[in-house]
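Just so you know, the protein sequences line up as chains A and B, in that order.
Heads up: take any position in the first sequence, counting from 1, add 456, and you land on the working numbering.
Heads up: take any position in the second sequence, counting from 1, add 1106, and you land on the working numbering.
Backbone N, C-alpha and C fix where the C-beta goes; we use that ideal spot for every residue, glycine too.
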Amino acid sequence: MKFNFFHLMPWCEANEPDQEWPVSNRNFIPEKGTELYRDYIDTMVYAEECGFDWVGCNEHHFSPYGLMSNCNLIGAILVNRTKSVRIAMCGNLVPLLNPIRVAEEYAMLDVMSGGRLIAGFMRGIPHEYVAYNIPPDESWERLAEAFELIVKCWTEPEPFGWEGKYYQYRAVSIWPRPYQKPYPQVLMSASNPDSARFAAERRAIMGMVMLPDLDTARESIRVYKETARANGWEPGPEHILIGAHTLVCDRFEDAKRYLGDGLEYFYNVLAGGPRTAQRLVVQKTRYFQDPALQARSAARRGVLKTTPIEERIEKGMILCGTPEMVVDQLKRMKDALGHGVMNINMKIGNIPNDVVRRSMTLWGERVVPHVHNL
Amino acid sequence: MSFALETVALADGGLPCHVGGNGDPLLCLHSAGGVRISPALERLAQSRRLVMPVFPGFDGTARRPGLKTMADLAELAAQVIDRAIGRPCDVIGHSFGGWVAAWLAVRHPDKVEQLVLHAPAGFRPEGVGGLVGDAATLRRLMFAHPENLPAEQKPAEMQAQNRATVHHYHGETATDRDLAARLEDIKALTLILHGTKDGVIPIASPRLLKERIRRSHLVYVYDAAHGIDVDQPPRFTRLVGDFLARGEAFIVNHTETGAA
């Protein structure tokens, strides 16, 4: 089992649940921002010491939900300050960006790191489309075309042009080319059957985070494997990434309290503004092509927000407790889903950074030795 | 846009040619299916005069005893330039016609100004791809959007004759090694077009052409198969029209009205 230490870089100085979109930045404190970036980056670097195999970045816009509007900037720092962990870019939100730029920056990260890049091709959660003024209706088509174009950027031996629906370039030849051959391992979100199918068709690692329950995950994995076989390849556990909000403490009561408070802050304060935009996007566009998925997504958000913490643990939605408890929870989850990669997010909402650090230390000393060979 | 079927007088007899459009001449060399004037070509004819010879043996015409190879057809095309156009011109060839066009550019560099190789045949390393399978399979390999195809006008007998004629000229050859060895002789600025879903021509083919033709541009047309003009008409006319009109500068983005 491999483990990805994932960080959202949340802004934790907001106190009022804010439902407006975009979330006003009038109260942003630059000095506090400097301090947070320093601390968050140190934390991500520390993950290597704590036995994590990957360190994960991501991209979000226009809210305190996350301060990583360009995750490649953070990735570049991590490349420089770590030695062996893989750098998992669980962004870039490809349909919002210039695909040539994504190809170039990923190639830079891959070369600078000596081939440690995991290249995320994310569609992005709905509100991001409002931020960058891209029609959400076009999200799938843009992602599909950009994927092919970026792979061409990485693999073509000679300069080439591209005449597509959304992207047109007459002469492309990126420098550098990626370090990994034929190109870096790709990671895609696969939290519903449509996206699972899409990822399998492209031989990407499927990623599912914030699970409402294990049955939902099982269904996506089934569709992913079925599609992969139809496309002539057999996925292994290393192609399936499952995410969980995680906190390890010396005492279960502390883990439960800190994670409970952090989740409440996450859902009620940080996620308020994005949720408003998300509702608009989902209601007014074809972000979800299948109306059933729209309903499922809404139900999932409700479940994630309201389920009591004990029930979340029981259902395999989160990892929470002492190191021994978390080892058991991980084993149960592995038995249930057969995955080979876990996305571990410990900085949930406003959980204090020293608590996160302690959780990481416990993870390295008392969890990893029991689960690495799962 | 209407096309007239004219007869061009060549050294050893007349050759039927479809001619239509306005502007500088553009010699169009047809694919294995014979002459097919797609809406995209009609659109191109708004700014170019298209001259489309029918190679002997295609579309109900008779073969000629002296014409046996793709290089022979290139010689015939050179005569068409001399007799029907009267000066060097731009050339576009699709698939089978792209193969002929490449020979023409190799043997008569003085007659070809700019060259467009639209999914050219003749460069399939290890024989991958090609026109294989039944009609339904071929249709899938050739078109990503077969719904764009106009109703077939050619009788089944003529289609069968066209297929047989293709073999008359190149047999089972997948890669024309003689031509591949001489691609560096092509002097014309060349645009190589390849559809991202082409099931007939493998990816190694445009890469080989791009590597060997010194002044060339390779452009992938997204969501198009072998018949790019059928699958993606606006992309095809935009690319080809822009390349023919602007030459080297076609890589520079510009607006119709120019800078303020």
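Residues near residue i in its chain [Cβ-Cβ closer than 7 Å; skip 5 each side]
i         : result
A:ALA559  : ILE606, CYS609, TRP610 and ILE630
B:PRO1162 : ALA1168, ARG1169, ARG1170 and LEU1173
A:ALA655  : MET644, ALA646, MET662 and TYR680
A:GLU682  : none
A:MET674  : The sequence given here has Arg at residue 674 of chain A, not Met. LEU793.
A:GLY571  : TYR635 and GLN636
A:VAL665  : GLY699 and ASN799
B:MET1264 : ASP1165 and GLY1166
A:VAL823  : VAL704, PRO779, VAL782 and VAL783
B:ALA1180 : VAL1206, TRP1209, LEU1210 and ARG1213
B:ALA1117 : GLN1185
B:LEU1244 : LEU1237
A:LYS621  : GLU597 and GLU601
Residue range of the unbroken beta strand (DSSP E) whose run includes residue i
i         : result
A:LYS458  : 458–462
A:CYS609  : A:CYS609 -> not in any beta strand (DSSP E); alpha helix (DSSP H) instead, spanning 595–611.
B:MET1107 : Careful: B:MET1107 lies outside any beta strand (DSSP E) and carries neither H nor E.
B:PRO1131 : 1130–1135
B:VAL1234 : B:VAL1234 -> no beta strand (DSSP E), and no H or E assigned at all.
Proximal residues of chain A, C-beta to C-beta of residue i below 8 Å
i         : result
B:LEU1247 : Near B:LEU1247 there are no residues of chain A at all, since even the closest Cβ is about 18 Å away, more than 8 Å.
B:PHE1356 : ARG626
Partners in chain B for residue i, counting only beta-carbon separations shorter than 9 Å
i        : result
A:PRO613 : ARG1313, LYS1316 and GLU1317
Own chain partners of residue i with C-beta closer than 6 Å, once the 5 adjacent residues on each side are dropped
i         : result
B:ALA1366 : Because B:ALA1366 sits at a pLDDT of 41, beneath the cut-off of 50, its placement in the model cannot be relied upon, and the point is left open.
B:CYS1134 : LEU1156, MET1158 and ILE1198
A:ARG574  : Checking the displayed sequence, the identity of residue 574 of chain A turns out to be Ile instead of Arg. Here the set comprises ARG542, ALA544, GLN641 and LEU643.
A:SER651  : SER645
A:VAL567  : PRO632 and TYR635
B:MET1176 : TRP1205, VAL1206, TRP1209, TYR1275 and HIS1276
A:HIS517  : SER525, GLU584 and ALA587
B:GLY1129 : SER1153, ARG1154 and ARG1155
B:GLU1148 : MET1107
B:HIS1200 : SER1137 and HIS1224
A:ARG768  : ILE774
A:LEU697  : ILE661, GLY663, VAL797 and ASN799
B:SER1144 : ASP1335 and VAL1336
A:HIS695  : ILE661
8 Å Cβ cut-off: residues of chain B touching residue i
i        : result
A:PHE577 : Those within 8 Å of A:PHE577 in chain B number zero; the least Cβ separation is about 16 Å.
Unbroken alpha helix (DSSP H) run spanning residue i, endpoints
i         : result
B:GLN1185 : 1176–1186
A:ASN471  : Here A:ASN471 belongs to no alpha helix (DSSP H), and DSSP marks it neither H nor E.
A:ASP650  : 649–657
B:VAL1346 : 1339–1352
A:ALA792  : 779–793
A:THR538  : Where A:THR538 is concerned, there is no enclosing alpha helix (DSSP H), given that its DSSP letter is neither H nor E.
B:PRO1122 : Segment 1119–1127 is the beta strand (DSSP E) holding B:PRO1122; no alpha helix (DSSP H) there.
A:GLU770  : 765–770
A:LEU818  : 809–818
A:HIS423  : An answer regarding residue 423 of chain A cannot be provided, because it is not within the stretch 457 to 830 covered by chain A.
A:HIS826  : 824–827
Chain A residues whose Cβ lies nearer than 9 Å to that of residue i
i         : result
B:GLY1341 : One detail in the question is off: residue 1341 of chain B reads as Arg in this sequence, not Gly. Neighbours of B:ARG1341 on chain A, chain order: GLU619, GLY620, LYS621 and GLN624.
B:ARG1323 : Checking the sequence shown, residue 1323 of chain B turns out to be His, not Arg. Near B:HIS1323 (Cβ distances below 9 Å), the residues of chain A are PRO615, PHE616, GLY617, ARG626 and ALA627.
Neighbour list for residue i in chain B, Cβ cutoff strictly below 7 Å
i        : result
A:GLU604 : THR1302 and TYR1328
A:LYS608 : TYR1326
CB contact below 8 Å: residue i versus chain C
i        : result
A:GLU601 : Absent here is chain C; the protein component of the structure consists of chains A and B.
Residue i CB to nearest heavy atom of the ligand NAP below 7 Å
i         : result
B:ALA1208 : The model depicted lacks the ligand NAP and carries no ligand whatsoever.
Where residue i meets chain A, residues with beta-carbon distance less than 7 Å
i         : result
B:LEU1345 : GLU619
Chain-order list of residues whose beta-carbon lies under 8 Å from that of residue i (same chain, five-residue window excluded)
i         : result
B:GLY1364 : Residue confidence is low: B:GLY1364 scores 47 on pLDDT, short of 50, so the model does not pin down where it sits. Its coordinate-derived value is still stated next. The answer is none, since no qualifying residue turns up.
A:GLU505  : GLY820
Taking a Cβ distance cut-off of 7 Å, strictly less, list which residues of the stretch 1300–1319 of chain B are near chain A, in chain order.
-> THR1302, ARG1313, LYS1316 and GLU1317
Where in the stretch 665–726 of chain A do unbroken runs of the alpha helix (DSSP H), each at least 4 residues long, occur, reported from the N-terminal end onward?
-> 670–686 and 708–721
Please specify which runs of the alpha helix (DSSP H), each continuous and at least 4 residues long, are wholly inside the stretch 1246–1311 of chain B, giving them in chain order.
-> 1262–1276 and 1283–1287
Could I get the ranges of all uninterrupted beta strand (DSSP E) runs contained in the stretch 1144–1219 of chain B, with 3 residues as the minimum, in chain order?
-> 1154–1159 and 1195–1200
Mind pulling the beta strand (DSSP E) runs of 3 or more residues that sit fully within the stretch 493–569 of chain A?
-> 510–513 and 542–545
Which parts of the stretch 610–640 of chain A are runs of the beta strand (DSSP E), unbroken and 3 residues or longer, counting only runs that do not cross its ends?
-> 616–619 and 624–628
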